[in-house]
Every structure is written in C-alpha cells, then in structure tokens.
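Engineer: Numbering (the numbering used here), first residue to last: 209 to 504.
Note that beta-carbon positions come from the ideal geometry of N, C-alpha and C, so glycine has one too.
The following block contains the structure, expressed as structure tokens.
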Amino acid sequence: MIYMTCLFGNVIIITLSRIDISLRTPMYFFLSNFSFLEICYASVTVPKMLFDLLSGNMAISFHCCLVQMYFFFLFGTTEFYILAVMALDRYVAICHPLHYSVVMNKQFCYKLIIGSWLSGCMVPVLPTILLTQKPFCGSKIINHFFCDVGPLIKLSSPDKFYLDAIVFTVSGIVVLCSLTLVTVSYVFIISAILSISSSAGRQRAFSTCASHFSVVTLFFGTVIFMYLLPHSENYELGKAVSVFYSIVTPALNPAIYSLRNKEVKRALVKVLQKREYSWRKFGDVNSITLNYHKKH
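So this is what it looks like as structure tokens:
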C-alpha cells in the first residue's frame, strides 16, 4: 500500500510538471526529477521484499545482492545531490530573483541534473568492487530487509574495519558536502526572508521553499540518525529506520509537496476539472446520438 502510494504520488507530480505550462520552471523540473528518483529508490528494494514475504523464499544470489546494493547506494547518493541542487535553486530564486532566469537557464539545469546522476553512479563503484573481491566465509544470512552495504560488510571475513572505513568515508563526504550546500543556502534564504519588510512578502517567499525544507529535514534527519546510532546495540532499530527512509519517505514526499504547494494543488485541480469536463462532454455526445436513433 505504501509502495503504491509512492508510485501514484510521484507519478502525479511528474505528470503535472509535464502537462501544466505554469509548472515548466526550473523548480518543478528539479522536482519532477526528484520524484522520478524517489520511484527508482523505492523500486530497488520494495518489489523484491514483497515477493520474498509472499513467496516465503528469502534467498538471493550474491550477484543480485550486489546489484541491489549498488543501485540502492546510487539512488541514495543521487538524492543527496538533487536535494542540494534544489536548495541552490531556491537560493537563487529568493536571494537573486532578478537574475534567476539568467542563472538557472535550461542548459545549466540539465548540467546540474546530469552531474548529480553521474556523481551518484560513480560513488558506489569503489565499495562494490571491494566487496566483490572479499571472501564471504561462515554465515550467508543477511540480517536486514534488503542488501545494504552495511550488512554485506558484516558478512565479509577479513578487513572489515578497512572496508567499513572506506564506505563510511565515501558516504560521509557525500552527506557532508550536500548538507553543507543545503545549510549555507538556507542561511542566506532565511536572512533574505527576514529582511523583507512586509509580512505578506515574507510568507510568500517562505512558502516557495517550505516544502523542500520539510523534505530535506525528513531525509537528512533519518540518514544522520542512522550514522549516530551505535550499530551493535541498536541494530534492529537501525533496520526499521532504514526501511523508513527507503520506503516511507518516498511515499510522504509527494504529499508534502502537494499539501504545502499552492501551484501544485492548483495544477491538480485544473487537470481534474478538464477531465471532468471531457467526461461530461463525452456523455452529452452519447445521449444526443441515442436520442437521434430513437427519433429515426
């Protein structure tokens, strides 16, 4: 049910961004890419997890496990970068509104998205290669709901500390760089909003970044919480948190953007009204045709 909510909500945002002219802006271009990423992020783990629960077959091949781990790492890393890019977009929109259309032009937006995806693809390469070269002796049971990098490291026999340190360093750099960009952007955004004299202007400026700020807080908060956990003592809690940010968070994000964003709600209402009008028009045509046949 949560997975279907994730798919349905994110597909709606992607569709609205494509068909509504008022949403063809850099902000919604990034949002539609983020929604597509959320679908990919949840689809890496949930279908396999549901199949395992329904069939009772919890087995997975080593290579399939590595593939799942790589793509889960890839989409998670890319999500950090795209959230940072969206924060940069909000910074330019609020702090430099007169230069917004010049700075956030179409070519630059494409470069930011392509750069985020390429960086996300490259970051998990080293941990994946190192895991393929390590022997897995002893237990072959992964104490997790899916193939994540942490549980796989625990199964590798030698050099656990060395491999764990590499993964932690790589992940830490990704989180730190993206979090720094987001934090700096919001420091300037908040200072710019507070300098606005009218309360209506402050509220309008804050509403443009409130949804993104909520998503950033939710995603970064759960991931940082995972890093601060003592894994040996709270491993079961860590498993629950990992399921939350990999499944529940992608399902909540469309609701956050649609409930807090007037433009998204307006576009959705417009689409629904057009669909209702089309169905009414179709019904009127059918009734006219039916009456015509009755008269003749």
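Identify the continuous alpha helix (DSSP H) that holds M277 and give its terminal residues.
Structural biologist: Start at 1 with the first residue of the sequence shown, and residue 277 comes out as number 69. Unbroken alpha helix (DSSP H) run through M277: F270 to C303.
Engineer: Is it true that the CB of I455 sits closer than 8 angstroms to the CB of C355?
Structural biologist: Locating residue 355 in the sequence shown gives position 147, where the first residue counts as 1. Locating residue 455 in the sequence shown gives position 247, where the first residue counts as 1. Cβ atoms of C355 and I455: not closer than 8 angstroms.
Engineer: Would you call N313 buried or exposed, if buried means 16 or more other Cβ atoms sit within 10 Å of its Cβ?
Structural biologist: In the sequence shown, residue 313 corresponds to position 105, counting from 1. The residue in question, N313, is exposed, as its Cβ has fewer than 16 Cβ neighbours within 10 Å.
Engineer: Please go through the same chain and pick out, in chain order, the residues whose beta-carbon is closer than 8 angstroms to the beta-carbon of V293, but skip the five residues on each side of it.
Structural biologist: Counting from 1 along the sequence shown, the entry for residue 293 is found at position 85. F238, L320, I321 and S324.
Engineer: How would you label V310, buried or exposed, when you count the other beta carbons within 10 angstroms and need 16 or more for buried?
Structural biologist: For the purposes of this step, residue 310 is identified with residue 102 of the sequence shown, where counting begins at 1. Label assigned to V310: exposed.
Engineer: For T377 and S406, what's the separation of their Cα atoms in angstroms?
Structural biologist: Numbered from its first residue, the sequence shown carries residue 377 at position 169. Numbered from its first residue, the sequence shown carries residue 406 at position 198. Whole-angstrom Cα-Cα distance: 45 angstroms.
Engineer: In this structure, how does DSSP classify N265 when only helix, strand and coil are distinguished?
Structural biologist: For the purposes of this step, residue 265 is taken as residue 57 along the sequence shown, with counting starting at 1. Coil.
Engineer: Taking all protein chains shown into account, decide if G328 is buried (16 or more other Cβ within 10 angstroms of its Cβ) or exposed.
Structural biologist: Looking up residue 328 in the sequence shown gives position 120. It is buried - the Cβ of G328 has at least 16 other Cβ atoms within 10 Å.
Engineer: Would you tell me roughly how many angstroms separate the C-alpha atoms of L274 and T336, rounded to the nearest one?
Structural biologist: As a working mapping, residue 274 is identified with position 66 in the sequence shown. As a working mapping, residue 336 is identified with position 128 in the sequence shown. Answer to the nearest angstrom: the Cα atoms are 7 angstroms apart.
Engineer: Can you tell me which of G217, L224 and M209 puts its alpha carbon nearest to the alpha carbon of L476?
Structural biologist: Counted from its first residue, the sequence shown places residue 476 at position 268. Residue L224 is the option with its Cα nearest to L476.
Engineer: For F427, which option in Y299, P234, F396 and Y249 has the closest C-alpha, if you only look at C-alpha atoms?
Structural biologist: As a first step, residue 427 must be located in the sequence shown, where it is residue number 219. The shortest Cα separation from F427 among Y299, P234, F396 and Y249 belongs to Y249.
Engineer: Please report the straight-line C-alpha distance between D297 and N265, rounded to a whole angstrom.
Structural biologist: Counting from 1 along the sequence shown, the entry for residue 297 is found at position 89. Counting from 1 along the sequence shown, the entry for residue 265 is found at position 57. Distance between the alpha carbons of D297 and N265: 45 angstroms.
Engineer: Just to confirm my understanding: we take Y453, look at its own chain, exclude 5 residues before and 5 after, and list those with CB closer than 7 angstroms. What are they?
Structural biologist: Your numbering for residue 453 matches position 245 in the sequence shown. F427, T430 and V431, listed in sequence order.
Engineer: For F490 and V395, I'd like the C-alpha separation in whole angstroms.
Structural biologist: Along the sequence shown, one-based indexing puts residue 490 at 282. Along the sequence shown, one-based indexing puts residue 395 at 187. Because the pLDDT of F490 is 49, which lies under 50, any placement of that residue in the model is unreliable, and the question is left without a value.
Engineer: Compare the C-alpha of Q276 against each of F242, I290, T213 and G358 and name the closest.
Structural biologist: Here the question's residue 276 lines up with position 68 in the sequence shown. Checked all of F242, I290, T213 and G358; the closest Cα to Q276 is G358.
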